[in-house]
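Beneath this line is the structure, given in structure tokens, with notes to follow.
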Amino acid sequence: MDSVDKFLCPCCKKVFSDPVTTACGHSFCKICINKYWDNCDPCHCPVCDAKFRSRPKLKTSTFVSEMVSEFKHKRQRESAGPETSEPNPKVKKFQENMENMEERTCPEHGKPFMELFCRDHSQLICIQCFSAHQKHNIVTLMDQCKDQQSELQQKIQEREVKIQELQRSVELSQENADREMKEGVEFFNDLMKSVQQSLDQFKKSINKKHHDVKKKAEVLIKEIKSEISVLQQRQAQMQVMWSSDDYYNFVQTFALKPAPKMNDWTKESVRAPTYHGRVAIAVSELQVKKINPKIKEKMTDELKQANQHAADVTLDPDTAHRNLVVSKDNKEVFYSNQTQELPNTLIGF
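Going by the UniProt record's numbering, the first residue of the sequence shown is number 1, and it counts up by one from there.
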């Protein structure tokens, strides 16, 4: 096709004036196509006869307008003689777009691509492709671009939320560690110098546990921030291409090519330890090495706290195992190597 024909309206055969593009991919002068549709029902494309359910509301095609403008300027320059200076970047870009217009045609049917995209097959479609894809998930190129931007933003937000979750886990770990640390320090400070080593060991154990939690969270945060950086770079690239209104190259770059591989962070988490019971363990170790009134006092306090949660129960000896001995008041139970003689009832275990 002659390069001049690319800029001629199929209706008036003149260079486009206020060009618009239909959904089937063909361009016309806005006045020409509106006059044509005034005299036909239903509205259809004068070139490929594609039918439209209702009269489309057309907007001026910025891309075609810029191409036509450059075409006119080029003809004026050719008439004026050889150029004496290098074309500006915009002119160079338009020239490159003119040379690549053929890439916007369907390789299978040779028809211009419609402003539609099949998500089921990740494929741009022309008017002849449409019938084979009409039952698929089809969206406009603009919607595809918007959805990809939205998806990218969602990934960034999910990772920012995950960072907040990890940071909160570290804070909770620190709170729990501080609370348990205070209790331990108060107890060990009451002991003699001989138990100072046990106190140091207790503190070291708590700190190490929290350090492990914090270190794991920091590693995850670093990895997530790295992914956010990659996604934000891709987002910046999207924004630049989005600003150019070149949806074709946008989809070619971000829809038809695989996105950077990302980790699934939904199952990643850092559990904040409660540190519960570590004081009791330290006390038990001290009891083995040296029994003193302070340790006995601490154990007594621990037992008192445990007794606050005790329940008054009455045991049923008829349901007891044959190696368990129930006290006469049915309040205590003991293990015995001797098998007990119990009534032969169905409720026994």
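Yeah, the Cβ is synthetic: ideal placement off N, Cα and C, and Gly gets one too.
- Taken in chain order, the complete beta strand (DSSP E) segments of 3 residues or longer contained in the stretch 130-214 are 138-140.
- Remark: C-beta atoms of R55 and W37 approach each other more closely than 7 Å.
- Cβ contact annotation for Q197 (same chain, cutoff 8 Å, sequence separation greater than five): none.
- Distance between L166 and I221, taken at the CA atoms: about 7 Å.
- Going by DSSP, Q123 is part of the beta strand (DSSP E) stretching over Q123 to C126.
- Of N176, H121, K14 and E183, the smallest CA-CA separation from K72 is found for K14.
- The shortest C-alpha to C-alpha distance from T314 to any of D329, K216, H321 and N34 is the one to D329.
- The distance from the Cβ of A255 to that of F117 is about 7 Å, consistent with a contact at the 8 Å cut-off.
- Looking at the backbone, the Cα of T300 and that of N307 are separated by about 10 Å.
- Three or more Cβ pairs closer than 8 Å define a contact, and the stretch 197-210 falls short of that threshold against the stretch 150-169.
- Per the Cβ contact rule, the stretch 181-195 is not in contact with the stretch 218-238 (fewer than 3 Cβ pairs under 8 Å).
- For T253, the uninterrupted alpha helix (DSSP H) run begins and ends at Y247 to F254, by DSSP.
- Beta-bridge pairing by DSSP links K51 to H44.
- According to the DSSP assignment, Y36 belongs to the alpha helix (DSSP H) that extends over K30 to D38.
- Assigned with DSSP and collapsed to three states, V240 falls in helix.
- Boundaries of the beta strand (DSSP E) around L324: L324 to V326.
- With respect to R104, Y247 sits apart: the two C-beta atoms are not nearer than 7 Å.
- Burial check for P19: the Cβ neighbour count within 10 Å reaches 16 or more, so the residue is buried.
- The secondary-structure analysis by DSSP pairs T21 across a beta bridge with S27.
- Per DSSP, reduced to three states, the secondary structure at T319 is helical.
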